[in-house]
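These notes are about the structure you will find just below.
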Amino acid sequence: MQSSNPVFSRNDAFNGKGGTTYADFDQPTYGGPVTHTGSGTGRMTIDSVVQKTAFTLGVVVLAAAATWILTGNVF
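Everything in the sequence shown is counted per numbering that gives the first Met the number 0, starting at 0 for the first residue and increasing by one.
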């Protein structure tokens, strides 16, 4: 999904041209065991944000409907 937001197109962190890289943490130190970090490999895309937002909104609407139905006439 292409974005026309100027913030996303100008910022190097969003368009894949830049960003800070860190040292490789998988290198063993002093012959010891390698410790793997549990970092995720997925990237944040506009599609994933839209999907997660739709899912969250759906859960909120379902919870509101269930609350409306189950509480009955409170007043």
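No residue lacks a Cβ here, since even glycine has one placed at the ideal position from N, Cα and C. Source: prediction; values computed, not measured.
Contact check for Ser-3 against Ile-45 fails: the beta carbons are separated by 8 Å or more.
DSSP places Thr-44 in the coil class of the three-state scheme, outside both helix and strand. The three-state reading of DSSP puts Val-6 in helix, counting H, G and I together. Excluding five sequence positions before and after Val-48, none of the CB atoms of its chain fall closer than 6 Å to its own CB.
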